[in-house]
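Before any comments, here is the structure.
Number of protein chains: 2
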Amino acid sequence: MKAFQDFYPEDLSQCYGCGRLNPHGLQIKSYWEGEESVCRFQPRPYHTSIPGYAYGGLIASLIDCHCTGTAAAASYHAAGRPMDSLPAFRFVTASLKVDYLKPTPLGVPLEVRARVIELKGRKVVMQASLSAEGELCARGEVVAVQVPPGMFGE
Amino acid sequence: MKAFQDFYPEDLSQCYGCGRLNPHGLQIKSYWEGEESVCRFQPRPYHTSIPGYAYGGLIASLIDCHCTGTAAAASYHAAGRPMDSLPAFRFVTASLKVDYLKPTPLGVPLEVRARVIELKGRKVVMQASLSAEGELCARGEVVAVQVPPGMFGE
Numbered sequence: 007m008k009a010f011q012d013f014y015p016e017d018l019s020q021c022y023g024c025g026r027l028n029p030h031g032l033q034i035k036s037y038w039e040g041e042e043s044v045c046r047f048q049p050r051p052y053h054t055s056i057p058g059y060a061y062g063g064l065i066a067s068l069i070d071c072h073c074t075g076t077a078a079a080a081s082y083h084a085a086g087r088p089m090d091s092l093p094a095f096r097f098v099t100a101s102l103k104v105d106y107l108k109p110t111p112l113g114v115p116l117e118v119r120a121r122v123i124e125l126k127g128r129k130v131v132m133q134a135s136l137s138a139e140g141e142l143c144a145r146g147e148v149v150a151v152q153v154p155p156g157m158f159g160e
Numbered sequence: 007m008k009a010f011q012d013f014y015p016e017d018l019s020q021c022y023g024c025g026r027l028n029p030h031g032l033q034i035k036s037y038w039e040g041e042e043s044v045c046r047f048q049p050r051p052y053h054t055s056i057p058g059y060a061y062g063g064l065i066a067s068l069i070d071c072h073c074t075g076t077a078a079a080a081s082y083h084a085a086g087r088p089m090d091s092l093p094a095f096r097f098v099t100a101s102l103k104v105d106y107l108k109p110t111p112l113g114v115p116l117e118v119r120a121r122v123i124e125l126k127g128r129k130v131v132m133q134a135s136l137s138a139e140g141e142l143c144a145r146g147e148v149v150a151v152q153v154p155p156g157m158f159g160e
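Protein chains in written order, with our numbering: chain U, 7 to 160; chain H, 7 to 160.
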């Protein structure tokens, strides 16, 4: 099954967090599971903060890119368009909020889930959670805004 | 001049964002400039989002780690203790909020500035800004909480 990010046009696939063409990046993959989108990611050993725990900036990055991907997928769905149709829906982050509820263990896969709270005009608001082995470690809220086609040399 | 992060004990210097002993990480350096703390960072070419622009997760990471460092430095200052004295003040992030005001150009050094808004008990609240060549690109707010000595195997 193709992930949301596998449908991004090549020139929008360089992102450090979610670009499949960035060899240095995280290359996250997001999918629908019912009403929610989900992304599973295995941090590398060096994605640490305090030894034994995952880096908070990584957690913010996962929530951020998973949500911009979810915003694109939700917009295709709302428009009744297949995800490989053009012009591509592509979103940037207007605001990102992360509450770190407890230290996130390093060494296990992390699961990020997101749900669209509002989709109106060019703006999508999402709530996200990040858990490790079923335990909720962080909560996030992302406001994403659609990049106008043609901007950024697209 | 030594940066805040140069004073972290070795076992707390592994952080991907600010640990001087993490060879894969960002190794940010923060200093006082009057009442504000400042961190200058040159993103690598692969720290991109949309081509030509810096990755939002990197911006969140810079604000996050610069603020936990600022929280530690401000706590030493408030306690009238030198930064190499033990037990070490070390903070983790309880919440992180970033507003992306405009796309941040890639290829130029970024400057993160932070200011302590509240320092009470084990909690420090800070406001931060991120600019590129004098232009404000993002604003952040961080709530950091002191790690109790002895926690996390310190």
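Glycine is no exception: its CB is placed at the ideal position from the N, C-alpha and C atoms.
Small disclaimer: the values here were computed from a predicted structure and weren't measured.
Open item on the list: Cutting at 8 Å between CB atoms, please list the residues of its own chain near Tyr106 of chain U, excluding the five before and the five after it.
Closed with: Gly62, Ile65, Cys143 and Ala144
- [ ] With DSSP collapsed to three states, give me the class of Gln133 of chain H.
- [x] strand
Task: Burial state of Leu102 of chain U (16 or more Cβ within 10 Å) - done: buried
Open item on the list: With a threshold of 8 Å on Cβ separation, who are the neighbours of Pro88 of chain U within its own chain once the five nearest residues in sequence on each side are excluded?
Closed with: Tyr82
Open item on the list: Quick check on Gly75 of chain U: does DSSP put it in helix, strand or coil?
Closed with: helix
- [ ] Leaving out five residues on either side along the sequence, give the residues of the same chain with a beta carbon under 7 Å from the beta carbon of Ala9 of chain U.
- [x] Lys35, Ser36 and Tyr37
Open item on the list: Taking 9 Å as the threshold (C-beta atoms), are Gly75 of chain U and Ser55 of chain U in contact?
Closed with: no
Open item on the list: Quick test of your reading: Arg96 of chain U and Leu18 of chain U, contact by CB under 8 Å. State the CB separation rounded to the nearest angstrom.
Closed with: 5 Å
Task: Within-9 Å CB hit, Lys8 of chain U to chain H - done: no
TODO: Go through its chain and collect everything with a Cβ distance to Glu16 of chain U's Cβ below 7 Å, but skip five positions before and after it.
DONE: Leu27
Task: Leu142 of chain U, enclosing beta strand (DSSP E) - first and last residue - done: Glu141 to Gln152
TODO: Pick out the complete beta strand (DSSP E) segments inside the stretch 57–131 of chain U, 3 residues or longer, and give them in chain order.
DONE: 97–106 and 116–126
Open item on the list: Let me confirm a value: Asp90 of chain U is counted as buried when at least 16 other C-beta atoms fall within 10 Å, else exposed. Which label applies?
Closed with: exposed
Open item on the list: When you compare the CB positions of Val114 of chain H and Ala138 of chain H, do they come within less than 9 Å of one another, or not?
Closed with: yes
Task: Proximal chain H residues relative to His72 of chain U, where beta-carbon distance stays under 7 Å - done: Those within 7 Å of His72 of chain U in chain H number zero; the least Cβ separation is about 11 Å.
- [ ] Using a Cβ cut-off of 7 Å, pull out every chain U residue sitting near Val131 of chain H, in sequence order please.
- [x] Within chain U, no residue comes near Val131 of chain H; the closest Cβ sits about 14 Å away, beyond 7 Å.
Open item on the list: Could you check whether Leu116 of chain H and Ala79 of chain H sit closer than 9 Å to each other, using their CB atoms as the reference points?
Closed with: no
Task: Chain-order list of residues whose beta-carbon lies under 7 Å from that of Val151 of chain U (same chain, five-residue window excluded) - done: Phe97, Val98, Ala100, Arg128 and Lys129
TODO: Tell me, to the nearest whole angstrom, how far the beta carbon of His53 of chain U is from that of Tyr22 of chain H; I am working on the premise that it is less than 8 Å.
DONE: 6 Å
- [ ] Tell me, please, whether the CB atom of Val118 of chain H is closer than 9 Å to any CB atom in chain U?
- [x] no
TODO: Run the CB neighbour count on Ile69 of chain U, radius 10 Å, all protein chains shown included, and call it buried at 16 or more, exposed below.
DONE: buried
TODO: Look up Glu39 of chain U in the DSSP assignment and give the residues it is bridged to.
DONE: U:Glu42
Open item on the list: For a cutoff of 9 Å on Cβ pairs, would you count Asp12 of chain H as touching chain U?
Closed with: no
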